[in-house]
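What follows is a single structure, written as structure tokens, with notes after it.
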Amino acid sequence: MRLSEMSAKEIVDFEQGERLGVPGRLDARVNASTGEIEAFLFPTTRWSPFRKNEETLEIRWHHIHTIGEDMIIVNRSI
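Residue numbering for the sequence shown follows this note's numbering, starting at 276 and increasing by one per position.
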């Protein structure tokens, strides 16, 4: 699966019962010595009337429970 395909999937935390959103833009942090994916990073934008705040949400690889056809299910409490 390509990173661009994963960026179109909705991310849901099943432990919290929370929709984290559809990344749209997704980056991966890769361990340079092992080549393993450590985490996925995607921006979360919060709008205010005065400015745009952009934070980055990090989903560690071991938090990913399932990658389905249209959804990525994570458990961030592990």
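Heads up, the beta-carbon is just placed ideally off N, CA and C, and yes, glycines get one too.
For residue j and residue i, believed in contact at Cβ under 8 Å, the rounded distance
| i | j | result |
| --- | --- | --- |
| V287 | L295 | 7 Å |
| H340 | I348 | 5 Å |
Helix, strand or coil at residue i according to DSSP, with G and I counted as helix
| i | result |
| --- | --- |
| M276 | coil |
Inter-residue spacing [alpha-carbon to alpha-carbon] between residue i and residue j
| i | j | result |
| --- | --- | --- |
| E290 | S308 | 32 Å |
| F344 | A283 | For the record, residue 344 in the displayed sequence is Glu; it is not Phe. So the alpha carbons of these two residues sit roughly 10 Å apart. |
| G292 | E313 | 24 Å |
| L316 | R304 | 7 Å |
| H337 | E280 | 19 Å |
| M276 | S352 | 25 Å |
Contact under 8 Å by Cβ, residue i with residue j
| i | j | result |
| --- | --- | --- |
| T319 | L301 | no |
| E311 | V297 | no |
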